[in-house]
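Novice: Residue numbers (the numbering used here): 103 to 198.
Note that beta-carbon positions come from the ideal geometry of N, C-alpha and C, so glycine has one too.
Given the structure is predicted, the values throughout are model-derived calculations rather than measurements.
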């Protein structure tokens with residue numbers, strides 16, 4: 103994942119109010135999630151919870167390193183992107 107572009111896309115989503123940060127906050131969502139981004143340094147229990155949320159929300163999951171730097175939130179292990187176009191742009195960056 104190209105970190106600079108991804109960080110910019112996440113910043114756009116955050117300013118637009120379309121980014122939910124944290125496993126607990128994401129678990130409260132009921133739908134409308136187009137992409138989940140998880141930090142690979144999460145504990146095994148957190149990874150299991152993230153996998154459950156992936157199935158619950160029917161959203162693609164992308165693993166990355168240093169999600170806290172990409173989102174600007176310390177110790178962030180999961181981000182839910184609720185904006186379709188930005189989610190597609192991030193997924194396209196991962197394929198390049």
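Given a cut-off of 9 Å on the beta-carbon distance, is the pair residue 127 and residue 188 in contact?
Specialist: No, these two residues do not count as a Cβ contact at 9 Å.
Novice: Measuring only the C-alpha atoms, how far is residue 103 from residue 196?
Specialist: Reliability of the predicted coordinates at residue 103 is poor, the pLDDT of 49 falling under 50, and no value is obtained from them.
Novice: Out of curiosity, what's the CA-to-CA distance linking residue 109 and residue 165?
Specialist: In a straight line, the C-alpha of residue 109 is about 14 Å away from that of residue 165.
Novice: Using the Cα positions of residue 153 and residue 124, report the straight-line distance between them to the nearest angstrom.
Specialist: Roughly 14 Å between the two C-alpha positions.
Novice: Cα-Cα, which of 176, 175 and 181 is closest to residue 159?
Specialist: The option with the nearest alpha carbon to residue 159 is 181.
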